[in-house]
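Only one structure is covered here, and it is reproduced in the block below.
There are 10 protein chains.
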Amino acid sequence: MKPELLETFENQYPNRDYTIEIVNPEFTSVCPKTGLPDFGTITLQYIPNKLCVELKSLKYYYLEFRNAGIFYENVTNKILDDLVKAVKPKEMKIISEWKARGGITTTVTASYEAEK
Amino acid sequence: MKPELLETFENQYPNRDYTIEIVNPEFTSVCPKTGLPDFGTITLQYIPNKLCVELKSLKYYYLEFRNAGIFYENVTNKILDDLVKAVKPKEMKIISEWKARGGITTTVTASYEAEK
Amino acid sequence: MKPELLETFENQYPNRDYTIEIVNPEFTSVCPKTGLPDFGTITLQYIPNKLCVELKSLKYYYLEFRNAGIFYENVTNKILDDLVKAVKPKEMKIISEWKARGGITTTVTASYEAEK
Amino acid sequence: MKPELLETFENQYPNRDYTIEIVNPEFTSVCPKTGLPDFGTITLQYIPNKLCVELKSLKYYYLEFRNAGIFYENVTNKILDDLVKAVKPKEMKIISEWKARGGITTTVTASYEAEK
Amino acid sequence: MKPELLETFENQYPNRDYTIEIVNPEFTSVCPKTGLPDFGTITLQYIPNKLCVELKSLKYYYLEFRNAGIFYENVTNKILDDLVKAVKPKEMKIISEWKARGGITTTVTASYEAEK
Amino acid sequence: MKPELLETFENQYPNRDYTIEIVNPEFTSVCPKTGLPDFGTITLQYIPNKLCVELKSLKYYYLEFRNAGIFYENVTNKILDDLVKAVKPKEMKIISEWKARGGITTTVTASYEAEK
Amino acid sequence: MKPELLETFENQYPNRDYTIEIVNPEFTSVCPKTGLPDFGTITLQYIPNKLCVELKSLKYYYLEFRNAGIFYENVTNKILDDLVKAVKPKEMKIISEWKARGGITTTVTASYEAEK
Amino acid sequence: MKPELLETFENQYPNRDYTIEIVNPEFTSVCPKTGLPDFGTITLQYIPNKLCVELKSLKYYYLEFRNAGIFYENVTNKILDDLVKAVKPKEMKIISEWKARGGITTTVTASYEAEK
Amino acid sequence: MKPELLETFENQYPNRDYTIEIVNPEFTSVCPKTGLPDFGTITLQYIPNKLCVELKSLKYYYLEFRNAGIFYENVTNKILDDLVKAVKPKEMKIISEWKARGGITTTVTASYEAEK
Amino acid sequence: MKPELLETFENQYPNRDYTIEIVNPEFTSVCPKTGLPDFGTITLQYIPNKLCVELKSLKYYYLEFRNAGIFYENVTNKILDDLVKAVKPKEMKIISEWKARGGITTTVTASYEAEK
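Protein chains in written order, with my numbering: chain A, 1 to 116; chain B, 1001 to 1116; chain C, 2001 to 2116; chain D, 3001 to 3116; chain E, 4001 to 4116; chain F, 5001 to 5116; chain G, 6001 to 6116; chain H, 7001 to 7116; chain I, 8001 to 8116; chain J, 9001 to 9116.
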């Protein structure tokens, strides 16, 4: 994974708390146990402070997971950590919803709130 | 964009707090980076004070974005600013939901609350 | 409109706060600007005090709007006023959802709460 | 109606507050005004105290309404009263949703909370 | 049932409260009254403390119910007890939704919260 | 069952083959084996010859099944026979779709075509 | 009803058989028996010959039914007759789907094919 | 599997070709390779000749697959063979739709037609 | 409109008849009567002969309609003509589905088949 | 791509024409133009002759496309060719449905029929 791929641009409305949600239904990584691909939808929700994440760079950041072996829980928390570091938001949440494996479906949700 | 297109009429029930929601699923603007059109749904929710926005004028106001190059975040905040200025509501919220680009879907939500 | 059409019957369980919701997806009135018909769904929700509204009389009350020219906001607030007057409920809410005009959909929501 | 049909069994987990929801989409009674059948879905939600309602007996209790003439509001409150008496729950709610009559759909919701 | 089948792995992000939801729509057990199979969906939601439940072991744990005679309420509370014991979470919830029997559908929801 | 309840009116467009479909999702009869009610949707499709079936009389005809013990297959064929006899259509089809019993759902479809 | 309201324009592609479908979900007329309004969706499908129906005039033609007392079967066949006369199509079909009355839903379908 | 569990009753309308569809969404068997359970929906469609299959016996016949190791293709063809032998229908079709394994969903469809 | 924007590439499987469907839900043009934008979905289906249409060039071709005043029927037939000329397919169909105007929805379908 | 990964097993019912459908909604390959991943659903339908395709081997065969650059049309025809060669079916069809790119969705369908 390469968090350095993430680019930002300046928030034009820093005085107003507003929410940006970016949904990527085409996320794929690899199960470190079986070596088989996992498929999921990654939802990013945040309230920007001074920076917004640039969409195309976010897409390229996500693409780096394509051939990486990593568990659901760690995908979710890693993306949250990388994006918090890059964007320094007021609040941020990552929801990862995974296609069924063995008939069983998993969703992981992690949140961050900046100290006030 | 021409906020002066926005017309209002007098709220007949100013003593009661009630909510008006106006959904426009046929909004289109242009991506300033690629020059390609963006398509979205703009939802306006507000509690009127003394004025209500006139529907037809709102439609013509939205149409002015058709060939304008502007980012998702700025569309949302600009519409909120223009409508708050024209309608002077008690509360107002703009939700813009955008069709997928590169497989990725974006929603931006901004709110305003009048000082009491 | 004829609020005198509204009939009530005695609430058999006045000591318990319970909710009655009545949805009419076949409401129609006339746009006072264009003279063309509007179509909507009117949802009535209330907590009865001593009276409940009689269903058939409510239907006939709604029918009186069929050829009346009246704006969305006023339909909603007028129905709320008429029903509050007839039923004297503890709480009441009217939600009117209107079919698209010019591609734009409107919903108006108004509430009433009796003084305690 | 025969509330004596309702049977209960002992709650095996009385120290934990948990919720049981039982949905019957095949409820039918008779309109006392027209003599025509009404069709509805009855949803029962409760937090058991020492007793749980036995499913088959609940089904037979509901069947007793099949040829009884009774209004929507009274069906809902009567079922709540009968079940509260039989099951002595910590909390209980009855939601009755009725098929359209004259194009109009009705839902009645009544709740009970035991004194603590 | 064999709670000893449940395996855990170390939570890599113990300092952050995040939620894991695991849905199994292919659960089946046997009705102790009729000897006929029951079919349901078991949803597990929890905030891990130091441990996460291993998915494959959870699947094998669920499979042990396949030929066991047990009531809906007990399935739900037993799974909660076994998982709380194995995973020692901060919070945990089990929702069991059962296919209709005699036209009637049942859902049981039980929760656990660790003492703070 | 009382086929004599079925009333007809004269087809105003006998020279044109057109189709009438009448769907009754509120049909109920009784299972002759268990004595428990069955619930279903009866769909009638026909091409009228000289007569059309009158809607209200059809409703009253269907109501006669409410407390009658009769199997799915026989309900379907009996309704087809009674309606063919009363309406003398060019073509007619009855589709009965029944709510699940023991988790199993049944649909029966029977057709009639007049000799040409 | 006023078939003279129907206007047409010249088909620009008379040498190609193509299909035009126009769906009006906001049709309303009056039941001649009860005097109560009926609500339906009218679908028009046709292959134009030399003429196409003008949309706005079609809308005004439909509006004339708003306060007319007329049965479902006759609405359908009358609209077909009026449109065939005005548009002289190669083929035409009218489907009228009506909201439930007494829990029962009706659909009427009538077709026309020009002699070749 | 025990085809001898299948019971039949006499078709009361042998002179009319009509269709019976019986859908069982609660079918389960075991994968002979992995020993893990498979879940599917079995749809049976047939035109009876002199016999109809009795619903309860069909349910018990299906239950015998619960702990049997058998492939999708063979489940489908075996059920068709057993039912054709027991019911001697004019036509019969079995559709088995299986829940995803490894993200992949399978449906098998087999038909029988009696010689005329 | 600029048909010269359409680019093609060589069909790699010219000996097999196969179907390509390309759906564009983001089509917009302008109503020549009102000057207001129309929104629609254009579906292209074809069996290639020696050429396939290049996707990006198709997108740019569609974009040329954005500010052009043209009726539904002509959009559909014009696109068909331009694509037939550029791609020389064995068969081709264009379906244009338009968002409601005045509550009324229109779909136009036109087909082409090469002489054999 | 490695067609040699495809394994088969003997069809146990070679005398009966029956259909097997296998849907893989987790297919991904790479666009040869942009180097970005494509996502699609591959549906395989076939009537087996003497052989059936083994599910797990089919999954591994599909996985080989994960990092291959190949156009939609060629994916579809290549899979058909490989599977026809391995399985020698009576009939076979491949349907590939691709997620939107630039707002535009593509579906490719190719079929094979053995000579009789």
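Quick reminder that beta carbons are idealized off the backbone N, C-alpha and C, glycines included. This one's a predicted model, so the numbers in the text were calculated from it and none came from an experiment.
**Asked** Which runs of the alpha helix (DSSP H), 4 residues or longer, sit entirely within the segment 4021-4087 of chain E?
**Response** Counting whole runs of 4 or more residues, the segment 4021-4087 of chain E contains the alpha helix (DSSP H) stretches 4055-4063 and 4072-4087.
**Separation of C8031 (chain I) from G69 (chain A), as counted between CA atoms** = Counting from 1 along the first sequence, the entry for residue 69 (chain A) is found at position 69. Counting from 1 along the ninth sequence, the entry for residue 8031 (chain I) is found at position 31. When rounded, the distance between both Cα atoms is 53 Å.
**Request:** Spatial neighbours of V197 (chain A) within its chain, please: CB distance less than 7 Å, with the 5 preceding and 5 following residues excluded, ordered by chain position.
**Result:** Past the boundaries of the shown model lies residue 197 (chain A); chain A is included only from 1 to 116, so the question cannot be answered.
**Item:** Proximity of I3094 (chain D) and P3048 (chain D) at Cβ, strictly below 8 Å
**Value:** For the purposes of this step, residue 3094 (chain D) is identified with residue 94 of the fourth sequence, where counting begins at 1. For the purposes of this step, residue 3048 (chain D) is identified with residue 48 of the fourth sequence, where counting begins at 1. It is not a contact, given that the beta carbons lie outside the stated cut-off.
**Item:** Start-to-end residues for the beta strand (DSSP E) that takes in M5092 (chain F)
**Value:** Reading the sixth sequence from its first residue, position 92 is the one you call residue 5092 (chain F). Per DSSP, the continuous beta strand (DSSP E) segment holding M5092 (chain F) begins and ends at E5091 to R5101.
**Item:** chain F within 8 Å of Y7061 (chain H), Cβ atoms only
**Value:** For the purposes of this step, residue 7061 (chain H) is identified with residue 61 of the eighth sequence, where counting begins at 1. Under the Cβ distance rule, Y7061 (chain H) does not count among the residues neighbouring chain F, no pair being separated by less than 8 Å.
**Item:** Beta-ladder partner(s) of Y4112 (chain E), from DSSP
**Value:** The sequence position of residue 4112 (chain E) within the fifth sequence is 112, counting from 1. Answer is E:M4092, bridged to Y4112 (chain E).
**Prompt:** What are the residues that DSSP puts in a beta bridge with E9010 (chain J)?
**Reply:** Looking up residue 9010 (chain J) in the tenth sequence gives position 10. E9010 (chain J) has J:L9051 as its beta-bridge partners, per DSSP.
**Request:** Identify the contact partners of P4037 (chain E) in chain H, using a Cβ-Cβ distance below 9 Å as the criterion.
**Result:** Position 37 of the fifth sequence, counted from the first residue, corresponds to residue 4037 (chain E). Correct list: E7026, T7028, L7063 and R7066.
**Classification of T4076 (chain E) by the beta-carbon crowding that lies within 10 angstroms, buried from 16 upward** = Walking along the fifth sequence from the start, residue 4076 (chain E) turns up at place 76. T4076 (chain E) should be labelled buried.
**Request:** Would you please verify whether the beta carbon of Y4046 (chain E) is less than 8 Å from any beta carbon of chain A?
**Result:** Looking up residue 4046 (chain E) in the fifth sequence gives position 46. Taking Cβ atoms only, chain A never reaches closer than 8 Å to Y4046 (chain E), which makes this a no.
**Request:** Report the neighbours of V7108 (chain H) on chain J: residues whose CB is nearer than 9 Å to its CB, in chain order.
**Result:** For the purposes of this step, residue 7108 (chain H) is taken as the residue at position 108 of the eighth sequence. When 9 Å is used as the limit between beta carbons, V7108 (chain H) is near these residues of chain J: Y9018, T9019, I9020 and E9021, in chain order.
**Message:** Counting only C-beta atoms, is A4100 (chain E) closer than 8 Å to chain F at any point?
**Reply:** For the purposes of this step, residue 4100 (chain E) is taken as residue 100 along the fifth sequence, with counting starting at 1. Taking 8 Å as the threshold, the shortest C-beta distance from A4100 (chain E) to chain F falls below it.
**Message:** Does the CB of C1052 (chain B) have a neighbour CB from chain C at under 8 Å?
**Reply:** Here the question's residue 1052 (chain B) lines up with position 52 in the second sequence. Yes, C1052 (chain B) counts as interfacial toward chain C.
**Asked** By Cβ distance below 6 Å, which residues in the same chain neighbour Q8045 (chain I) in space, the five residues on each side in sequence not counted?
**Response** If you number the ninth sequence from 1, residue 8045 (chain I) lands on position 45. The residues are E8021 and K8093.
**Prompt:** Between E91 (chain A) and E115 (chain A), is the Cβ-Cβ spacing less than 8 Å?
**Reply:** Taking the first sequence and counting its residues from 1, the one referred to as residue 91 (chain A) is at position 91. Taking the first sequence and counting its residues from 1, the one referred to as residue 115 (chain A) is at position 115. No, the Cβ-Cβ distance between E91 (chain A) and E115 (chain A) is not below 8 Å.
**Asked** Looking at the C-beta of E7073 (chain H), does it have a partner C-beta in chain J at a distance below 8 Å?
**Response** Taking the first residue of the eighth sequence as 1, we reach residue 7073 (chain H) at position 73. E7073 (chain H) counts as touching chain J.
**Asked** Given a threshold of 16 other Cβ atoms within 10 Å of its Cβ, counted over all protein chains shown, does D17 (chain A) qualify as buried or as exposed?
**Response** Counting from 1 along the first sequence, the entry for residue 17 (chain A) is found at position 17. Per the 10 Å Cβ criterion, exposed.
**Prompt:** Counting only beta-carbon atoms, is G103 (chain A) nearer than 8 Å to chain H?
**Reply:** As a working note, residue 103 (chain A) is residue 103 in the first sequence. It does: the Cβ of G103 (chain A) has a partner Cβ on chain H nearer than 8 Å.
**Asked** Beta-carbon of L8006 (chain I) versus every beta-carbon of chain J: anything under 8 Å?
**Response** The sequence position of residue 8006 (chain I) within the ninth sequence is 6, counting from 1. False, the Cβ-Cβ gap to chain J never drops below 8 Å.
**Asked** Expressed to the nearest angstrom, what Euclidean distance is found between the alpha-carbon atoms of E8007 (chain I) and F9071 (chain J)?
**Response** Locating residue 8007 (chain I) in the ninth sequence gives position 7, counting from the first residue. Locating residue 9071 (chain J) in the tenth sequence gives position 71, counting from the first residue. Cα atoms of E8007 (chain I) and F9071 (chain J): separation of roughly 16 Å, rounded to the nearest angstrom.
**Asked** Alpha carbon to alpha carbon, what distance is there between T9028 (chain J) and L9063 (chain J)?
**Response** Counting from one through the tenth sequence, the residue named residue 9063 (chain J) turns up at place 63. Counting from one through the tenth sequence, the residue named residue 9028 (chain J) turns up at place 28. Here the C-alpha atom of L9063 (chain J) lies approximately 8 Å from the C-alpha atom of T9028 (chain J).
**Cut-off 8 Å between Cβ atoms - residues of its own chain near T3105 (chain D), not counting five sequence neighbours on either side** = In the fourth sequence, counting from the first residue as 1, residue 3105 (chain D) sits at position 105. If you ignore the 5 residues before and after T3105 (chain D), its C-beta comes within less than 8 Å of the C-beta of E3097, W3098 and K3099, all in its own chain and listed in chain order.
**Prompt:** My guess is that P7025 (chain H) and G5103 (chain F) are in contact by the Cβ rule of under 8 Å, so how many angstroms apart are they, rounded?
**Reply:** Reading the eighth sequence from its first residue, position 25 is the one you call residue 7025 (chain H). Reading the sixth sequence from its first residue, position 103 is the one you call residue 5103 (chain F). Indeed they touch by this definition, with Cβ atoms about 7 Å apart.
**Sub-8 Å separation of V6087 (chain G) and L6051 (chain G) beta-carbons** = Counting from one through the seventh sequence, the residue named residue 6087 (chain G) turns up at place 87. Counting from one through the seventh sequence, the residue named residue 6051 (chain G) turns up at place 51. A distance below 8 Å separates the beta carbons of V6087 (chain G) and L6051 (chain G).
**Item:** Distance between beta carbons of V5053 (chain F) and L5083 (chain F), contact taken as under 8 Å
**Value:** Within the sixth sequence, numbered from 1, the residue matching residue 5083 (chain F) stands at position 83. Within the sixth sequence, numbered from 1, the residue matching residue 5053 (chain F) stands at position 53. Taking a contact as a CB-CB distance under 8 Å, the pair L5083 (chain F) and V5053 (chain F) counts as one, their CB atoms being some 7 Å apart.
**Asked** Around the C-beta of N1011 (chain B), are 16 or more other C-beta atoms found within 10 angstroms, so that it is buried, or is it exposed?
**Response** Reading the second sequence from its first residue, position 11 is the one you call residue 1011 (chain B). Result: buried.
**Prompt:** Listing by chain order, which chain K residues have their CB less than 9 Å from the CB of N7077 (chain H)?
**Reply:** Absent from the structure: chain K. Protein chains present are A, B, C, D, E, F, G, H, I and J.
**Asked** Beta-carbon of L7083 (chain H) versus every beta-carbon of chain F: anything under 8 Å?
**Response** Reading the eighth sequence from its first residue, position 83 is the one you call residue 7083 (chain H). Answer no: the Cβ-Cβ gap between L7083 (chain H) and chain F never drops below 8 Å.
**Message:** Can you confirm whether L6055 (chain G), when its beta carbon is compared against all beta carbons of chain I, has any partner nearer than 8 Å?
**Reply:** Counted from its first residue, the seventh sequence places residue 6055 (chain G) at position 55. Proximity of L6055 (chain G) to chain I, defined by a Cβ-Cβ separation below 8 Å, is satisfied.
**Asked** When you compare only the Cα positions, how much space is there between D4081 (chain E) and P4089 (chain E)?
**Response** Within the fifth sequence, residue 4081 (chain E) is the residue found at index 81, counting from 1. Within the fifth sequence, residue 4089 (chain E) is the residue found at index 89, counting from 1. Their backbone Cα atoms lie some 11 Å apart in a straight line.
**Asked** Could you give the distance in angstroms between the alpha-carbon of F4039 (chain E) and the alpha-carbon of F7039 (chain H)?
**Response** The residue given as residue 4039 (chain E) occupies position 39 in the fifth sequence. The residue given as residue 7039 (chain H) occupies position 39 in the eighth sequence. Between F4039 (chain E) and F7039 (chain H), the C-alpha separation is close to 10 Å.
**Request:** Return the residue from the list H:N7074, H:I7079 and H:S7111 that minimises the CA-CA distance to E7004 (chain H).
**Result:** Translated into the one-based positions of the eighth sequence, residue 7004 (chain H) becomes position 4. When each option's Cα is compared against that of E7004 (chain H), the closest is H:I7079.
**Request:** Select from J:A9110, J:R9101, J:E9073 and J:N9067 the residue whose C-alpha is nearest the C-alpha of M9001 (chain J).
**Result:** The sequence position of residue 9001 (chain J) within the tenth sequence is 1, counting from 1. Checked all of J:A9110, J:R9101, J:E9073 and J:N9067; the closest Cα to M9001 (chain J) is J:N9067.
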